[in-house]
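Following: one structure in C-alpha cells, then a few remarks.
Number of protein chains: 2
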Amino acid sequence: MILHLAVFTWNDSVTDADVEQLTDALTTMARGIPELHSYTAGPNLQLRPGGDYAVAAIVEDEEGLAAYLDSPGHQSVYERYLGRMIAQRSAAQLPLDAGSFRAPQG
Amino acid sequence: MILHLAVFTWNDSVTDADVEQLTDALTTMARGIPELHSYTAGPNLQLRPGGDYAVAAIVEDEEGLAAYLDSPGHQSVYERYLGRMIAQRSAAQLPLDAGSFRAPQG
C-alpha cells in the first residue's frame, strides 16, 4: 500500500472562497475514484509552522496512484484550482503495510 | 483526531547512511510515544516529483501532537539528524474523523 502526501503553500491571490471550492472539488473527485482507500484534503490546522493546505491519500499500489493522479477528475481540479493557487508544492509517497496506518475508531 | 504530515528536502551533504540512521532513530522514538496512534517515516518512493523524505503521524488531539513533537525523543532526533539534514521542510496537520483514514487489511 502507498501513502501519498502533498503540502501546498498558496500564492498571495488565493482567497478563503478559493480554498473552500477546492476542498469541495477534491472531495467530490475522491468519491469518483474507487482506487482511493482513504483520502483527506483541507487547510492546514496550523498547530505548528507549516504550509497552507495538505492532501493525504492511501492507494493500493503504483497503478492506484496513477488512477488517482492521472484521472480526469484530478486533472480538472488542477486546471480549475490548484494550477493557479499553488506557490509551492512538496509531495512524497511512503510504503504502508496493510492495516498499519489508521485513525482508530473512537 | 489529527494527521500530521511533513515532507523534507535534504541538503547536499546528506548520505544514504544518514537517512537509514534517521529512519531507525525515528522508528525507535515512535515506539516510545504512546500518543502516536500511527506513525510512518521514510525516504520518498519518488513515484512522482517530490521531496526526499516524509513523515506521517496520527494523534488523538493537540495535546497528543505536542507529546510527540515536544518529546525528548523527537528533540534528540532533531539535534542528532534532522537539524543538519533538512534544507527545506513542509508540514501540515489535518483533522481526521475516527476510523476514517486507514490502510485496510490485505
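Residue numbers (UniProt numbering), protein chains in the order written: chain A, 1 to 106; chain B, 1 to 106.
Cβ atoms here follow ideal geometry from the backbone N, Cα and C, with glycine treated the same way.
- Under the 8 Å Cβ criterion, the region 2-9 of chain A counts as touching the region 53-62 of chain A, having at least three qualifying pairs.
- No Cβ of chain A is located within less than 9 Å of the beta carbon of B:Pro-34.
- It is roughly 11 Å from the alpha-carbon of B:Glu-60 to the alpha-carbon of B:Ala-67.
- Around the beta carbon of B:Gly-64, 16 or more other beta carbons lie within 10 angstroms, which makes this residue buried.
- In this structure, DSSP gives A:Pro-72 a helical state, which the three-state scheme calls helix.
- A:Phe-8 is bridged by DSSP to A:Tyr-53, A:Arg-89.
- Proximity of B:Ser-100 to chain A, defined by a Cβ-Cβ separation below 9 Å, is satisfied.
- With a 10 Å radius around the Cβ and a threshold of 16 neighbouring Cβ atoms, A:Pro-72 comes out exposed.
- About 7 Å separates the Cβ atoms of B:Arg-102 and A:Ala-103, confirming a contact at the 8 Å cut-off.
- With a 10 Å radius around the Cβ and a threshold of 16 neighbouring Cβ atoms, A:Gln-93 comes out buried.
- DSSP places B:Thr-27 outside any beta strand (DSSP E); the residue lies instead in the alpha helix (DSSP H), whose first and last residues are 16-31.
- In the structure shown, B:Gly-42 falls within a strand segment according to DSSP collapsed to helix, strand and coil.
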